[in-house]
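Read through the structure below, which is laid out as structure tokens, and then see the notes.
2 protein chains.
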Amino acid sequence: MSNAQLDEGRDNRERVVILGSGWAGYTLARQLDSKKFQAVVVSPRSHFSFTPLLASTSVGTLEFRTALEPIRSRRTNVEFYQGWADGVDFANKKVTIEESVVDPLQSMALTGDRHAGQTAEERVESKQRAAKKGRLFDLAYDKLVISVGCYSQTFGTPGVKEHAYFLKDVGDARKIRNRLLSCFEAAALPTIPDAIKKNLLNFAIVGGGPTGIEFAAELHDLIAEDLDRMYPELIPFHKISVYDVSAKVLPMFDESLTKYATEAFRREGITIKTSHHVEGLKPGAPGNSPDSHADYACYTLNVKEEGEVGVGMCVWSTGLMQNPFVANALRELPELPQAAKQSETESGQKAAPSQPWKVKMDSKSGSILTDERLQIKLISDKQETVLQDVYALGDCGILEGTSYPATAQVASQKAVWLAKRLNKNDLETSSFSFSNLGTMAYLGNWKALFQGGQGSQISGWAAWVMWRGAYLTKSVSIRNKILIPIYWVINWLFGRDISRF
Amino acid sequence: MSNAQLDEGRDNRERVVILGSGWAGYTLARQLDSKKFQAVVVSPRSHFSFTPLLASTSVGTLEFRTALEPIRSRRTNVEFYQGWADGVDFANKKVTIEESVVDPLQSMALTGDRHAGQTAEERVESKQRAAKKGRLFDLAYDKLVISVGCYSQTFGTPGVKEHAYFLKDVGDARKIRNRLLSCFEAAALPTIPDAIKKNLLNFAIVGGGPTGIEFAAELHDLIAEDLDRMYPELIPFHKISVYDVSAKVLPMFDESLTKYATEAFRREGITIKTSHHVEGLKPGAPGNSPDSHADYACYTLNVKEEGEVGVGMCVWSTGLMQNPFVANALRELPELPQAAKQSETESGQKAAPSQPWKVKMDSKSGSILTDERLQIKLISDKQETVLQDVYALGDCGILEGTSYPATAQVASQKAVWLAKRLNKNDLETSSFSFSNLGTMAYLGNWKALFQGGQGSQISGWAAWVMWRGAYLTKSVSIRNKILIPIYWVINWLFGRDISRF
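The listed protein sequences correspond, in order, to chains A and B. Under full-length UniProt numbering, the final residue of the first sequence carries the number 501; numbering is consecutive throughout. Under full-length UniProt numbering, the final residue of the second sequence carries the number 501; numbering is consecutive throughout.
Have a look at this one:
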């Protein structure tokens, strides 16, 4: 849609530009009253990923599209441009967007700045070229919502960015599904010696948070319920290990639940290796044997406590890294925008600080700090102010003074709250607070954990029923509310599909 | 599975090695009596593609996996190695296989020999290297079924192999779905001028056979039923054209049905361009303007009658090319195999011809010629014989003296017939004949064509009901018999999903 068409469709409504289509951005876009606001989502991907079900899709318990919602559909009143937010001009209220329609990374976890390695001058030049080609353009906003999310943290561990598998989006889930089924198919070739079979069927998961644990659990189910009938001769060679640097996995759960999980994993044959340090990942089998059988097909994990370990796949899930857009693009404001000036005058502070204003960021995580209305904070010298009409939520924003976790639950609560305030126009008299609805984790073999916000604890089959019920209820569209239980039943009856394409 | 394990599992049964997992190979493997035969499928892909539904999956009317069946599943008694047949030693009854577990082409149409460009010596060397790495191995057979299918014919048209989209397998369907939705998303960017929008949304289909026509029809449905609500401002820019060199499309249908189809397409706004010659395809917009807006995103089709035409996608479906395995690997037989010798002696022919035996091939298509028992024919000088225990069916085999079309129907009838003969051990007293059950084609907008084997003709909505009914009945697994109608209903109610990942 051209800018003129977009302006025409605006129709006296305020334009809310929403950067990102994750839990925060997608939820907000859907809940804004389209009679009052023109919602425009800008995101490098054309969909929202329902992250709690990604692990299920990565082994085929569910089909990929049941864990996503298109931003455009017949039923939504949301405008959409597919692109990366590249910069913001707070003073003139516009964002610069770099289109990403055919970007191959659009449905994958991100691990680094896509412009890394460019000097400032080179970046300016490449932006000019992109603008000339129509790949870079400006978009004006009345209100701006920054919900660009985070990247995957690899701590600079050598080889991880290049060779590990992540699980943040549906493209990652597809990559994992193809890879793990390839490992079994390769191990089934008549020429593969037992030592290589062991490497190929050794699955390492790095990070003992809910994502890593749930992936291990789903992988166990796939192998125990399906692959053992298709590749019976390979089952003795397989192994699933969860590595974590800390002394305990699932740190958000109480001790008794963590114990239950550890015990459940032990019975399922999944090894949990706490206090282990992964120091590198490279292609090929352990030892330098480039001519050995099919070594092209496995990887070597370097573990401080174990040395070289041959693996078929390493799934990496050790937390979040700040988004380069937040880290770079929001660094300096050339001029204090009007909105901030007003707020400053009202509160009776000094007129102009000697230093330029900066977005206030959390020193540890690098996240944007907001006030209790989710408006972003600016800082200069020791003065502080709030930038009206610019909000930060999701994993890239922290309400200053709180320690709410970077979860889907916090992101979507903030989005629902902000949409309500904007729809009712009562933001000035409200403030956000998080209500903990509890945490869940699937453990495999029809068992799960639930820890309620008020301290209640449920484990085992009852928690599994809650787990499935909760995600079915929370899933967004009617379409997926119908398809998800259908796939649960079909795959239980007929087995998961192991075709790769 | 190692060769020793495979031999052990053989258990006094004859081993039937089946090359290929298309209509012929997959059907035969499923129908062989597993008490009498050890069926071993060798195929570069891990699944069978239900080709009549591929066009539906390429626009999202159906989900990809509803058009495929995994060769391995919890319920089948079929052994499987994922690889390319590389050669056959008829004398010693074994095939050489090149594994293809991580081959990126495994679910895509093939357009050329993957070893093209290698000299004979280089090929020998690369085979030795592959064997050393365990990527090449031999497999012994008692009976061999050659059902490797055909490649896609491009007639050497420049740029087609590299830039056209094909529709022979589910990987092709996914590529097309992503591409055509990308074209709409790119055209929706605010910087794209109208001229480029016209290029991006111009969809050219080359080849007016059932595949090309059905794809055009499904594309029309996607645009008319879904995209027109999501991108209303882009609809005036779109165009669908079917090019064919001959004077009429759908040559297998009678004149009156072809007329009906042409008229239906005209009403749907699809242009049929018969007697048009496509001479090339290259990336970029027409005219040499490398700096113009987003021209990286479209292609230029060179048409003899029209000149340069800017297109967003060119779907190519102009028929079949002989499989390089048939064209190369089966050329010469170093020694007449025992099975052929026997048959020769029985029939009282001369003992040893002066020229080496060759597999008898059709001079026009290059297909393997078989007798009426689907056993392959050998030829030397002017002598002919039949190679017992080696069968050719599917698109790579022709029953000598017949002109059965290269269709799924012929392939699966041959496979069912051969499986029955082998199961009943009455091959020697039988001969195959094809029973034409009719031909169908979907035309879009809930209309289809049906031409019965006895000359009956049905067109319109009634034929559409038959079309859906027939493919639902013919679809292979109960799983897909359940999922296919669910997706038909869900996508009719809620619209097709346009997410790309």
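Where is the CB? At the ideal position from N, CA and C, for every residue including glycine.
Short of 7 Å in beta carbon distance, which residues of its chain neighbour residue i, apart from the five on each side in sequence? Order them along the chain.
i: B/S56; result: L62, E218
i: A/V101; result: Q82
i: B/T111; result: Y151, S152, T154, K161
i: A/E268; result: H220, G444, N445
i: A/K133; result: none
Comparing the C-beta of residue i with each C-beta of chain A, is any distance below 8 Å?
i: B/S435; result: no
i: B/P70; result: yes
i: B/H47; result: yes
i: B/Y81; result: yes
i: B/A216; result: no
i: B/D11; result: no
i: B/M230; result: yes
i: B/I490; result: yes
i: B/F237; result: no
i: B/D291; result: For B/D291, the predicted structure reports a pLDDT of 49, less than 50, and the residue's modelled location is therefore unreliable. The matter cannot be settled from this model.
i: B/A203; result: It should be noted that the sequence gives Phe, not Ala, for residue 203 of chain B. Judged by the 8 Å Cβ criterion, B/F203 is not in contact with chain A.
Quick one: is residue i near chain B, going by C-beta distance under 8 Å?
i: A/Q322; result: no
i: A/A188; result: yes
i: A/D497; result: yes
i: A/F90; result: no
i: A/T96; result: no
i: A/A297; result: yes
Taking just the CA atoms, how far does residue j sit from residue i?
i: B/K382; j: B/N323; result: 26 Å
i: A/A187; j: A/Y471; result: 35 Å
i: B/V245; j: B/H276; result: 5 Å
i: B/T119; j: B/A327; result: 16 Å
i: B/T345; j: B/D426; result: The predicted position of B/T345 is uncertain, since its pLDDT is 49 and thus under 50; a value taken from the coordinates is nonetheless stated next. Computed Cα separation, rounded: 21 Å.
i: A/D33; j: A/A419; result: 8 Å
i: A/I240; j: A/Y442; result: 16 Å
i: B/R30; j: B/F50; result: 14 Å
i: B/V465; j: B/F450; result: 10 Å
i: A/P251; j: A/E263; result: 16 Å
i: A/P190; j: B/M1; result: 5 Å
Between which two residues does the alpha helix (DSSP H) harbouring residue i extend?
i: A/D194; result: 194-200
i: A/M108; result: No alpha helix (DSSP H) holds A/M108; DSSP gives it neither H nor E.
i: B/Y487; result: 478-494
i: B/R179; result: 170-187
i: B/D7; result: 3-10
For residue i, which option in the options has the closest C-alpha, if you only look at C-alpha atoms?
i: A/T439; options: A/D254, A/D226, A/A85; result: A/D254
i: A/K161; options: A/G212, A/I240, A/D113, A/N77; result: A/D113
i: A/A91; options: A/P356, A/K197, A/L136; result: A/P356
i: B/Y26; options: B/E69, B/K36, B/N12; result: B/E69
i: A/P52; options: A/G469, A/N202, A/I490; result: A/G469
i: A/K198; options: A/Y299, A/I272, A/E263; result: A/Y299
i: B/A140; options: B/V148, B/K447, B/E14; result: B/E14
i: B/D497; options: A/L54, A/T402, A/F64; result: A/F64
i: residue 572 of chain A; options: A/Y391, A/N423, A/G22; result: No statement about residue 572 of chain A is possible, as the shown extent of chain A runs from 1 to 501 and does not include it.
i: B/Q409; options: B/K304, B/T385, B/F434; result: B/F434
i: A/D103; options: A/I146, A/R45, A/V145; result: A/R45
i: A/L180; options: A/L200, A/D194, A/P193; result: A/L200
i: A/I196; options: A/A462, A/K175, A/G312, A/G117; result: A/G312
i: B/V40; options: B/V145, B/V416, B/N302; result: B/V145
By Cβ distance, which residues of its chain are closer than 6 Å to residue i, with the 5 residues on each side in sequence left out?
i: A/V476; result: E69
i: B/L483; result: T66
i: B/R373; result: L427
Which residues in the same chain as residue i place their Cβ atom closer than 8 Å to its Cβ, once the five residues preceding and following it in sequence are excluded?
i: A/S317; result: S152, F166, L167, I205, V206, G207, G209, T211, G212, F215
i: B/L136; result: D86, T96, I97, E98, E99, K127, A130
i: B/I490; result: none
i: A/K360; result: I368, L369, I376, K377, L378, I379, E384, E400
Please report the residue range of the beta strand (DSSP E) in which residue i lies.
i: A/G209; result: Premise fails: A/G209 is in no beta strand (DSSP E) and is neither H nor E.
i: A/G87; result: 79-89
i: B/M361; result: Taken as a continuous stretch (DSSP letters only), B/M361 belongs to no beta strand (DSSP E), as it is neither H nor E.
Hey, is residue i close to the ligand NAP, as in C-beta under 7 Å from one of its heavy atoms?
i: A/Y442; result: Ligands displayed in this structure: none; no statement on the ligand NAP is therefore possible.
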